[in-house]
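**Q**
Numbering (the numbering used here), first residue to last: 2 to 208.
(1) Would you mind sorting residue 20 into buried or exposed? The rule is 16 or more other CB atoms within 10 Å of its CB.
(2) Which residue or residues does DSSP assign as beta-bridge partners of residue 101?
(3) Between which two residues does the beta strand (DSSP E) containing residue 28 stretch?
(4) Does DSSP put residue 18 in a helix, a strand or coil?
(5) Closest to residue 102 by CA distance: which of 85, 112, 128, 67 is it?
(6) Less than 8 Å separating the beta-carbons of residue 97 and residue 16?
(7) Taking all protein chains shown into account, decide if residue 90 is buried (16 or more other Cβ within 10 angstroms of its Cβ) or exposed.
(8) Roughly how many angstroms lie between the CA atoms of residue 78 and residue 87, to the nearest whole one?
(9) So, residue 94 versus residue 38, is the Cβ gap smaller than 8 Å?
(10) Taking the alpha carbon of residue 56 as the reference point, which residue from 122, 107, 47, 173 has its own alpha carbon closest?
(11) On the CB-based measure, 16 or more other CB atoms within 10 Å of its CB, does residue 60 come out buried or exposed?
(12) Using the DSSP secondary-structure output, state which residues sit across from residue 12 in a beta bridge.
(13) Let me check you understand the geometry: is the CB of residue 22 closer than 7 Å to at least one non-hydrogen atom of the ligand PLP?
(14) Three-state secondary structure (DSSP) at residue 141?
(15) I'd like to know whether the C-beta atoms of residue 48 and residue 115 end up nearer to each other than 8 Å.
(16) With H, G and I counted as helix, E and B as strand and the rest as coil, what does DSSP make of residue 92?
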């Protein structure tokens, strides 16, 4: 398989983002992971992409995410997968995904596409418990996500329990938070955080 790919002038690969975007890229076998990131960033409209890298997401033996070295070529990636498959450690090709390497690298406030990717990655990392943070930080992130999806705080729409009633609470609260705090209570805590962001009286939201 590696030889057949290396002899091709171009191959088409699917590159994903954490927030569900998928793009098809035509690359040659010698294209490096860094060059793939540049091509994907251009398609997404990301201005500054030096802090983003190409990752492979594997489902076996458990779901894991590994950064691919910038210099690794497409044909080298395939060679690695074939080796793992031969050893019985891999049964399907990993998903290729672009994501931020370090959150400590500051993103330009005017780079909307980069900020959207970073926001989606932070949300995913907290909900999946890949990223450890304080409960109040997780609640604030959940509140910001609710604000993005449902608009600014509205005490008629954002009544206590509306997230849980809509079955959407897991989209904004991690499994760990739900396990340590009653779902209804967590729903209320997120809504209070939204109200706080808008300087609304705390009494506006009732459990």
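The beta carbon of each residue, even a glycine, is placed where N, CA and C say it ideally should be. None of the values given here were measured: they were computed from a predicted structure.
**A** According to the structure shown:
(1) exposed
(2) 53
(3) 23-28
(4) strand
(5) 67
(6) yes
(7) exposed
(8) 14 Å
(9) no
(10) 122
(11) exposed
(12) 28
(13) With respect to the ligand PLP, the structure shown offers nothing to examine, as it has no ligands at all.
(14) helix
(15) yes
(16) coil
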